[in-house]
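Contents: one structure, followed by commentary.
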Amino acid sequence: MPVESREGYLQSIVRAAAPGASYFVLVFDRAAIPEGPINAVTEDELRAAVSKYWIIDEIKPARLYARFPAGFAGMPALLDIREEPNGLQSIGGWLLSAHLG
């Protein structure tokens, strides 16, 4: 998602959420993708953006699994791609869980 769209996205989710709703999001970690077309975030950036609207329960390191297109793993900005035993590849991310107060 473009950086300039994040605030509006978070506001829309809060407006649509029922009282006491839970929010889960899995995002790319900037340590895994420091630059490039993917707008990855640090843990602090994720916390700052989400905590304006939600009570954060946990942010923990995670992996995003996919079948990346040929040549994707060779992109120099991608430092943390792992080959997984099941034929997938994974890259570092953050898993956030939160709830409405």
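Once you know that position 56 of the sequence shown is 46 in our numbering, the rest is easy, because the numbers rise by one and skip nothing.
Where a beta carbon is used, it is the ideal one built from N, C-alpha and C, also for glycine.
Residue interval of the beta strand (DSSP E) (run including residue i)
i	result
residue 38	Note, residue 38: premise wrong, no beta strand (DSSP E); alpha helix (DSSP H) at 33 to 40.
residue 58	Per DSSP, residue 58 belongs to no beta strand (DSSP E) and is neither H nor E.
residue 16	12 to 18
DSSP-derived helix/strand/coil call for residue i
i	result
residue 81	strand
residue 45	strand
residue -3	helix
residue 6	helix
residue 73	strand
residue 86	strand
residue 24	coil
Euclidean distance between Cα positions of residue i and residue j
i	j	result
residue 38	residue 27	22 Å
residue 8	residue 91	11 Å
residue 43	residue 21	25 Å
residue 73	residue 82	12 Å
residue 53	residue -6	25 Å
Residue(s) in a DSSP beta bridge with residue i
i	result
residue -8	Partner(s): none; residue -8 has no beta bridge.
beta-carbon residue i near the ligand PLP non-hydrogen atom, thresh 7 Å
i	result
residue 37	With respect to the ligand PLP, the structure offers nothing, as it holds no ligand at all.
Query - Validate contact between the region -4 to 16 and the region 35 to 49 using beta carbons, cut 8 Å, 3 pairs - result: At 8 Å Cβ cutoff, the stretches touch.
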